[in-house]
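Counted from 1, the sequence shown has number 1028 at position 387 by my numbering; the numbering is strictly sequential.
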Amino acid sequence: MDGLERLLETPTLFMGAVFDQFDSIALCAVLDLSDSDAAGLLRSHGIGQVDPLLGIYRFQPDTYMALLQDLRQRAPQQELPLHQRAFQHFLARLRAFSPASSTAAHAYVEAACTHHLWAIHELNLDYMRWDEVAVLIAELRAAAPALAQQHASRLALLDAYNKFRSQEYEPANILVNELLQQVDLDPTLRAHGLLTRGLIAMNQAKIEYALYMFDQGLALGEQIHNQRIQANALVNQSWVYNQIQQFEKALHLSKRSLEHFRLAGDQYGAAYALYSIGNNTIYLGDWARGIGYLDQAAAIYEPAGMLGQLSLVDWARGFLFLCLGNDHASINAFERALAIVQSPDSSNTVTAADTLTELGLLYQIQERWDVAERALTQSIALTERLGDDLRRALLMHRYGNLLQRRGQADAALQMMIAAIDLLETLRITTTAEQLKIDLLGMASQVYESVALDLYERQDIAAAFTYVERARARAFLDLLALRDATADITPYRTTITLADLQSRLAADVVVLEYFTYGVQPPGGSFLSRILSANARLQDQLRVRKGILVFAITANSAQAFQINFDPNLLQPAPHDPAPGWHLITEQKLSWLYRQLITPVETLISDCRIVHIIPHGPLHYVPFAALRTRNGGMFLREDGPALAYAPSATVLCACLAMPSDTTGMDLTLGYDDHGASALRLAEREARYVARVTTGQSITGSSPKSHELLAHGPQLRRLHIASHAIYQAGDPLGSALRLGEGDEIDARTLMQTLKLGNTLVTLNACMSGLSHVASGDELLGLPRAFLFAGAATIICTLHQVDDLAAYILMVVFYENLALGMPPAEAIHQAQISLSNADHAQISLLVERTLGADGVAILATFPSMNGQDQRPFAHPRYWASFILIGKP
């Protein structure tokens, strides 16, 4: 048996794990040892001497960790009382010193007091007892009014945390800020300060700032090799992502936190991480594994009597049983949790609000309306007290649904409108684009509920307003910040129906679509839950369909299309989303669904502005087949122009036509198996037609693009585009050998002025449709840069067909046609062109080489008289913005 094993077998010595440093007096007083037993222990292996003159000792790190583990296994409920006893012991010794004392003994006792006070604070977090520490802080300050700086800083941080727990956010922030301003602050305390600042922000739904603080704390924890700080930062981050329903990311972070808690030997922290893992696993629909993690957490908390933390486990169990339809077990778990978190000893406002929320839903399922309403209103009041506007807004939406079911339609609508106002305040104060998108995605059902309610009341103008407020708001905020000056608000408001109509010519129609009930690819948290519980499904059933607004300068109508827009969703990670819709049967069906209800309104118009929504962004509208078998795209029909929203459309329409700038064409064929054959030739021909500058070949061209951007009237790029499904803002244009410029870089560096941009590159117009109907891809970048009009492609395009289309398009522009008419007529020309016409065009524009090149294209070697009649050759070309 080695020395450590013998030491661990010493009766009651494991209780010494509460000490950081100690002497024989403290051992005897706190552990009830005799003088001789204490003296014998101090000679044991695993204990080192800190100060021989004062007789101060401490355990070696390995010994300390072994003792702490032993204590928490053999007598877990004794740890907090032992720290309390030790604190009072050292506090009495501190009081015995003279006020002016500054001896080493005084410093030792003062450090011991703050050590045990901090430990009491940490344990009380697990026991959820907030008041005790405030009393002890006051006692310590009374005993030692002039604490050493490092101990005073610790107490200031504890003060701040207590104020945070009491929802005194501003005083808490002031204390933390003062602390963090100390240049020589201990790095561990600084990290704790950063985490506390993050928690304050998280409780107030300031998610962006909370994540930033947790990132800072994590980085500092890594720098000082403090596993526990890293663990706390990670688990806090996981709760932020849980709050915005990014459960997979939250699960990943909580699993990382568990690893760090275990490396730190912190079993209570590990239990909290297990609870977090279980919670996120349940939200992801993995019921059995989720309850397994919760049971592991409970197995740690129960022996220690940590009722406050057990209330969290009970809440999660109650939520799981609610999802599975076990009312009895769910109510029992929720009521156990509520009894704990509403008690004076273990009050927890956040868990109380969450528990009342789910109890309200459970009572609603049981049609116990009065009890459900009481639970929800109590929960809303608690979230208001917390200052958590995100949680409160989502609760108000749920309450509005309950009021609707009770027949209180007006009250329900006002409640939901108030929820939207709260959400938009949060949107404005969130600047990180992805967080803003996640936030607005969570709120999509609130906007859908309001828009549908207003539509059913036949208030078309108000319904249109909320449809606009529901889409592409993160992009609008970016545009507003780009254009902001000192004397205007930095956040752009959406236009009204009257605003839009005032900008429309008499022969123009806007078709604005709004899909509702759309689930993300692969399903959602809600869909996984509903599949297990029919009654819950009935209460939370999401209506699915499409609203379409048909708007002219003098009229506005709205129609409801009753089919599930999820049927149009591409498969997850589809490299060419929307391509699956280009079949004759689907194109005919889509015309009947999307165009037939408004067919009479667009029969004589010149331009139709299509504003898709959700999966409709992948629909090739020009290729839709009419009832008589023709195409929506026809010679005597309207030209089509797309826009992300009516607000963006109006911004493009307001841009003046630039007749003085320069024209720039960039072309790069690339090399190898993927080499293009006509991109560089196309760029040179377009430059000839436009009398602009042409840059072709393998040399880098990004710098030319960025340098000339502000002077450009027209920009034409013929090259490869690379669509990144996993990172759509990483989608790029390949402009030369080793020269790729992606959407993110373009948004940061490119400046345009009302430019016509043509991107003749495969999938250059393809965007990932993120939550909140945010379109992420190259078109977003060019609109942000200042383009008025963008010609781009949704899918893969044939090199020869694209060349012919572009030649005709630019020749049409040279004849004076506006871009929408020019591309419309070019598409018709391409679809109708026969072999002879194509040969003449290629020979005319490419010379003698053209005939030889033409023979190498498989599309010219078939039996079809019109080789490019199929919509796959021309329907993917779209115009975005000003027509």
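All C-beta atoms, glycine included, are put in the ideal place defined by N, C-alpha and C.
- Per the DSSP secondary-structure output, Phe1155 pairs in a beta bridge with Leu1188.
- Just measuring C-alpha positions, the residue of Thr755, Leu1023 and Gln868 sitting nearest Ala727 is Thr755.
- Residue environment for Thr1156: buried (at least 16 other C-beta atoms within 10 angstroms of its C-beta).
- Under the DSSP assignment, Glu1025 falls in the alpha helix (DSSP H) whose first and last residues are Trp1010 to Leu1027.
- Around the beta carbon of Ala745, fewer than 16 other beta carbons sit within 10 angstroms, so the residue counts as exposed.
- Excluding its 5 nearest sequence neighbours in each direction, Ala891 has C-beta neighbours in its own chain below 6 Å: Ser879, Tyr882, Asn883 and Asn921, listed in chain order.
- As DSSP reads the structure, Leu1281 sits in a beta bridge with Val1249.
- Linking Ile1069 to Leu788 through their CA atoms gives a straight-line distance of about 43 Å.
- Boundaries of the beta strand (DSSP E) harbouring Glu1415: Glu1415 to Gly1418, taken from the DSSP string.
- Spanning the alpha carbons of Val1189 and Ser1229 requires a straight line of approximately 18 Å.
- A straight-line Cα-Cα distance of about 57 Å links Arg1325 and His1038.
- Separation of Ile761 and Leu1044 (C-alpha to C-alpha, rounded to the nearest whole angstrom) is 46 Å.
- Excluding the 5 residues flanking it on each side, Tyr1514 has same chain C-beta neighbours closer than 6 Å at Asp1439 and Ala1442, in chain order.
- Annotated three-state conformation of Arg1485 is helix, per DSSP.
- Straight-line measurement puts the Cα of Ala1429 at about 8 Å from the Cα of Ala1292.
- As summarised for the region 776 to 800, there are no continuous beta strand (DSSP E) elements at least 3 residues long confined to that stretch.
- For Gly931, the closest of Leu1417, Asp800, Ala945 and Arg958 by C-alpha to C-alpha distance is Arg958.
- Membership of Phe1116 in the alpha helix (DSSP H) is indicated by the continuous run Arg1114 to Asp1124.
- Secondary structure at Tyr1364: coil, using DSSP grouped into helix, strand and coil.
- Ile1202 is a Cβ neighbour of Pro1238, given a cutoff of 8 Å.
- Leaving aside the five residues that flank Ile981 on each side, the residues in its chain whose CB is nearer than 6 Å to its CB run, in chain order, Leu948, Ser952 and Ser987.
- Per DSSP, the beta bridge partners of Gln1201 are Leu1188.
- Thr1486 and Gly1413 have their C-alpha atoms spaced approximately 45 Å apart.
- In the DSSP annotation of this structure, Leu1265 is not part of any beta strand (DSSP E), being labelled neither H nor E.
- Beyond the five residues adjoining it in sequence on each side, Gln1334 comes within less than 6 Å, by CB distance, of Leu1305 in the same chain, given in chain order.
- Taking C-beta separations shorter than 8 Å and ignoring five residues to either side along the sequence, the partners of Ala1384 in its chain run Pro1369, Leu1370, Gly1371, Ser1372, Ala1373, Leu1417, Gly1418, Leu1419, Arg1421 and Ala1422, following chain order.
- Ile1006 sits away from Gln1226, with the two beta carbons spaced by 8 Å or more.
- Secondary structure note for Phe1518: it is in no alpha helix (DSSP H), and the uninterrupted beta strand (DSSP E) holding it is Phe1518 to Gly1522.
- About 7 Å separates the CB atoms of Asn814 and Arg838; that is less than 8 Å, so the two are in contact.
- Distance from the Cα of Leu712 is smallest, within the candidate group Leu683, Ile1445 and Ile941, for Ile941.
- With respect to the 8 Å criterion, Ser1286 and Tyr1309 are not classified as neighbours on the basis of their beta carbons.
- With 16 or more other CB atoms across the displayed protein chains lying within 10 angstroms of its CB, Ser1405 is buried.
- Distances from the alpha-carbon of Ile1058 to those of Leu1093, Ile848, Ala1320 and Asp907 put Leu1093 closest.
- Annotation: the continuous beta strand (DSSP E) that includes Asn1401 extends over Thr1396 to Asn1401.
- Excluding its 5 nearest sequence neighbours in each direction, Glu1484 has C-beta neighbours in its own chain below 7 Å: Gly1491 and Val1492, listed in chain order.
- Leu764 places its beta carbon 8 Å or farther from that of Leu830.
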